[in-house]
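Reading through the structure tokens given below for one structure.
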Amino acid sequence: MKFGLVTRALAAIATLVIAAPLLSLLIKVPWSTFFMQLSDLTAIRLSIWTSTLSAIFSLLLGVPLAWVLAKSSNRFTNFIRPLVLAPIVLPPTVAGIALISLMGRNGLFGKIIYQQTGWAMPFTSSAVVLAGIFVGLPFVVLICESNFRQLPQDVEDAAIIDRADGNELFKKIAIPQSRSAIATGGILAWARAIGEFGATLMFAGSLPGTTQTWTMLIYQELDVDINIAYALSALMLFIAIVIVFSLRKPLREALR
Amino acid sequence: MKKIFLVALAISIISSSSALAAPQVIVFAASSLTESFTQVGKQFEQSHPGIKINFSFQASSTLLTQIKAGAPADIFVSAEPFSGGSDYLVNRVVLAVPKNSNISKFSDLNGKVTWIQCAHEVPCGSAADAALKFENITTKPASFEPKVSSAVAKLIAGEVDAAIIYKTDVIANKRLRAIEFSNQEATKTTYQIAQIRKNYRAATFLNYLKSQKVMNMLKSRGFESK
Chain A
1 MKFGLVTRAL
11 AAIATLVIAA
21 PLLSLLIKVP
31 WSTFFMQLSD
41 LTAIRLSIWT
51 STLSAIFSLL
61 LGVPLAWVLA
71 KSSNRFTNFI
81 RPLVLAPIVL
91 PPTVAGIALI
101 SLMGRNGLFG
111 KIIYQQTGWA
121 MPFTSSAVVL
131 AGIFVGLPFV
141 VLICESNFRQ
151 LPQDVEDAAI
161 IDRADGNELF
171 KKIAIPQSRS
181 AIATGGILAW
191 ARAIGEFGAT
201 LMFAGSLPGT
211 TQTWTMLIYQ
221 ELDVDINIAY
231 ALSALMLFIA
241 IVIVFSLRKP
251 LREALR
Chain B
1001 MKKIFLVALA
1011 ISIISSSSAL
1021 AAPQVIVFAA
1031 SSLTESFTQV
1041 GKQFEQSHPG
1051 IKINFSFQAS
1061 STLLTQIKAG
1071 APADIFVSAE
1081 PFSGGSDYLV
1091 NRVVLAVPKN
1101 SNISKFSDLN
1111 GKVTWIQCAH
1121 EVPCGSAADA
1131 ALKFENITTK
1141 PASFEPKVSS
1151 AVAKLIAGEV
1161 DAAIIYKTDV
1171 IANKRLRAIE
1181 FSNQEATKTT
1191 YQIAQIRKNY
1201 RAATFLNYLK
1211 SQKVMNMLKS
1221 RGFESK
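Residue numbers (the working numbering), protein chains in the order written: chain A, 1 to 256; chain B, 1001 to 1226.
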């Protein structure tokens, strides 16, 4: 196909808008001392295990929800469907305030827990995990619902003729046929959780080893040693690039 | 396609020309100055029609990074010393608690109390570190907040029992009360000011910021003169 000059120019600018800052980041990283800058892995370790837990919970909860949304259409599910996607477009700070208003020790639900047990969620690693679920779950629902809708109808019909009930359809037909979409949703949820900053800052705070995540440390290191911030950012960029390139195909298929 | 271009062109021309039409002074100021300086700016604009004051309030270190990267600041007021700055104001950290709190002294933090402070890297955190050395506290903070405003927010939301924040934050918030540290010298943070770009308007506003009138207003909000 032949493209017009304007189209080509705009496409080139669009590519640059994304690629140029990322490339400049890589140039600024002090590569000779890269691993020295990353001497303390506490925050990275915390981010990896909390976001992995967030992704697991997002899958456990998100896949069944996606199935329900894909297979039913009534006033209730039509309302739920867009609602569960809200965190994708919600500013993270707002997400943090929303989580505090529910799970804070003064929150709607958190207050009851606090009064009964003396335990409050803010400032604990579980707050980091919950914030990760809140922002990651929508991606699982988005990808999996779209995929469940695309499953070939004749396979389902054949299973129904063989007297499969809804539960068996889900477990034996839908899930095995959607492995790639489920994995994609899980990885996106993981990536979103590990990149989470605003909601975590509001809801979990920042305590080294407990709630000071990778992104929180990047923000903090900007005040101290920008080289450490560059190194931490570059490592995160590397993960992001690995993810987007490995998801190229499954993502396109899932969102067809 | 052409239409979109023309619209975009028109918007960019209008927005840039309006910026030229109203002479402005761009002030980068520490976030702890947000309320006070917003008011100072309004007063200045009233008495100096034709000059607009635009503020960017952020953590001082963030602002400094931006200025070094070429951000268009005319005046910079930092909550910590920077090269080229001269002393401007003094603020102090205190232990802040809700008005109805049972906490009345520092040793009360040694009970079952959730308290937070700012991170060591920011001025309110380093002052807290220094002042805490003179108190006998065995518990650890639940969080080292990256900026003072997030510490204040959590205290007001009731998620913590106490927070080490600026005295000026306590005065600005009627629901809070302050418990003073025993070593007052250690609680000090010194604000510095500098004119970054040389122009007449910026110089006028800089003088205004240093005027007795503004100083008195800042003092009523809990700041001290250098």
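Note that the Cβ used here is the ideal one computed from N, Cα and C, for glycine as well.
Exercise. Who pairs with T1189 of chain B in a beta bridge, going by DSSP?
Worked result: For the purposes of this step, residue 1189 of chain B is taken as the residue at position 189 of the second sequence. The partner list for T1189 of chain B (beta bridge, DSSP) reads B:N1091.
Exercise. Cα separation between G1125 of chain B and K71 of chain A?
Worked result: Along the second sequence, read from residue 1 onward, the residue named residue 1125 of chain B stands at position 125. Along the first sequence, read from residue 1 onward, the residue named residue 71 of chain A stands at position 71. It is roughly 53 Å from the alpha-carbon of G1125 of chain B to the alpha-carbon of K71 of chain A.
Problem set entry | Which listed residue (B:G1222, B:I1164, B:L1218 and B:F1082) has its alpha carbon closest to that of V1097 of chain B | Here the question's residue 1097 of chain B lines up with position 97 in the second sequence. For the residues B:G1222, B:I1164, B:L1218 and B:F1082, the minimum Cα distance to V1097 of chain B belongs to B:I1164.
For this session: Check each candidate in B:S1149, B:V1160, B:L1206 and B:S1220 and name the one with the smallest Cα separation from S1060 of chain B.
Result: Numbered from 1 along the second sequence, position 60 holds the residue referred to as residue 1060 of chain B. For S1060 of chain B, the nearest C-alpha among the options comes from B:S1149.
Exercise. In chain A, which residues lie with their C-beta within 7 Å of the C-beta of F1144 of chain B?
Worked result: Start at 1 with the first residue of the second sequence, and residue 1144 of chain B comes out as number 144. For a Cβ distance threshold of 7 Å, residue set S206 and L207 of chain A lies close to F1144 of chain B, ordered along the chain.
For this session: Please check if any C-beta of chain B sits within less than 8 Å of the C-beta of R105 of chain A.
Result: For the purposes of this step, residue 105 of chain A is taken as residue 105 along the first sequence, with counting starting at 1. For R105 of chain A, the answer is yes, since a Cβ of chain B falls inside 8 Å of its Cβ.
For this session: Specify the secondary structure class of P250 of chain A as computed by DSSP and reduced to three states.
Result: Translated into positions along the first sequence, residue 250 of chain A becomes position 250. Of the three classes helix, strand and coil, the one that applies to P250 of chain A here is helix, per DSSP.
Problem set entry | Contact set between the stretch 94–126 of chain A and chain B, restricted to residues whose Cβ is under 7 Å from the partner | Here the close residues are I100, G104, R105, N106, P122 and F123.
Exercise. Going by the beta-carbon positions, is the gap between D1087 of chain B and Q1192 of chain B smaller than 8 Å?
Worked result: Numbered from 1 along the second sequence, position 87 holds the residue referred to as residue 1087 of chain B. Numbered from 1 along the second sequence, position 192 holds the residue referred to as residue 1192 of chain B. Yes; because the gap between Cβ atoms is below 8 Å, this pair is in contact.
Exercise. Skipping 5 residues on each side, what residues in its chain have a beta carbon closer than 6 Å to that of L1109 of chain B?
Worked result: On the second sequence, residue 1109 of chain B is found 109 positions in, with the first residue counted as 1. W1115, I1137 and T1139.
Exercise. Does the separation of the CB atoms of E1145 of chain B and D223 of chain A fall below 8 Å?
Worked result: Locating residue 1145 of chain B in the second sequence gives position 145, where the first residue counts as 1. Locating residue 223 of chain A in the first sequence gives position 223, where the first residue counts as 1. At least 8 Å separates the beta-carbon of E1145 of chain B from that of D223 of chain A.
Problem set entry | For I143 of chain A, the residue or residues it bridges with in DSSP | Counting from one through the first sequence, the residue named residue 143 of chain A turns up at place 143. In the DSSP output, where bridge partners are listed per residue, I143 of chain A has none listed.
For this session: Return the first residue and the last residue of the alpha helix (DSSP H) that R1201 of chain B is part of.
Result: For the purposes of this step, residue 1201 of chain B is taken as the residue at position 201 of the second sequence. That run of the alpha helix (DSSP H) goes Y1200 to K1210.
Problem set entry | Integer Cβ distance of A127 of chain A from T52 of chain A, believed to fall under 8 Å | Your numbering for residue 127 of chain A matches position 127 in the first sequence. Your numbering for residue 52 of chain A matches position 52 in the first sequence. A127 of chain A to T52 of chain A, Cβ: 16 Å. No contact.
Exercise. At what residues does the beta strand (DSSP E) containing N1054 of chain B begin and finish?
Worked result: Position 54 of the second sequence, counted from the start, is the residue given in the question as residue 1054 of chain B. Where N1054 of chain B is concerned, the enclosing beta strand (DSSP E) starts and stops at K1052 to Q1058.
For this session: Drop a sphere of 10 angstroms on the beta-carbon of K1239 of chain B, count the other beta-carbons inside from all chains shown, and report buried for 16 or more, exposed for fewer.
Result: The structure shown does not extend to residue 1239 of chain B, since chain B is modelled only from 1001 through 1226, so no value can be given for it.
For this session: Mark F76 of chain A as exposed unless 16 or more other C-beta atoms lie within 10 angstroms of its C-beta, in which case mark it buried.
Result: Position 76 of the first sequence, counted from the first residue, corresponds to residue 76 of chain A. Exposed, since its Cβ has fewer than 16 Cβ neighbours within 10 Å.
For this session: Compute the Euclidean distance between the alpha carbons of S47 of chain A and P91 of chain A, then round it to the nearest angstrom.
Result: By one-based count along the first sequence, residue 47 of chain A stands at place 47. By one-based count along the first sequence, residue 91 of chain A stands at place 91. Near 20 Å, if we compare the C-alpha coordinates of P91 of chain A and S47 of chain A.
Exercise. Is R192 of chain A near V135 of chain A, with beta carbons less than 8 Å apart?
Worked result: Translated into the one-based positions of the first sequence, residue 192 of chain A becomes position 192. Translated into the one-based positions of the first sequence, residue 135 of chain A becomes position 135. Note that the C-beta distance between R192 of chain A and V135 of chain A is below 8 Å.
Exercise. Quick one: what does DSSP say V1214 of chain B is sitting in, helix, strand or coil?
Worked result: For the purposes of this step, residue 1214 of chain B is taken as the residue at position 214 of the second sequence. Of the three classes helix, strand and coil, the one that applies to V1214 of chain B here is helix, per DSSP.
Problem set entry | Classification of A1069 of chain B by the beta-carbon crowding that lies within 10 angstroms, buried from 16 upward | The residue you call residue 1069 of chain B lines up with position 69 of the second sequence. By the neighbour-count rule (16 or more Cβ atoms within 10 Å), A1069 of chain B is not buried but exposed.
Problem set entry | L23 of chain A vs S233 of chain A beta-carbon contact at 8 Å | To locate residue 23 of chain A, count along the first sequence from 1; it is residue 23. To locate residue 233 of chain A, count along the first sequence from 1; it is residue 233. For the pair L23 of chain A and S233 of chain A, the CB atoms are not nearer than the 8 Å cut-off.
For this session: Pull out every residue of the stretch 213–227 of chain A whose Cβ sits closer than 9 Å to any Cβ of chain B, in chain order.
Result: Of all residues in the stretch 213–227 of chain A, only M216, Y219, Q220, E221, L222, D223, V224 and I226 place a beta-carbon less than 9 Å from a beta-carbon of chain B.
Exercise. Hey, does S1149 of chain B have any beta-carbon neighbour from chain A nearer than 8 Å?
Worked result: The residue given as residue 1149 of chain B occupies position 149 in the second sequence. S1149 of chain B does not count as touching chain A.
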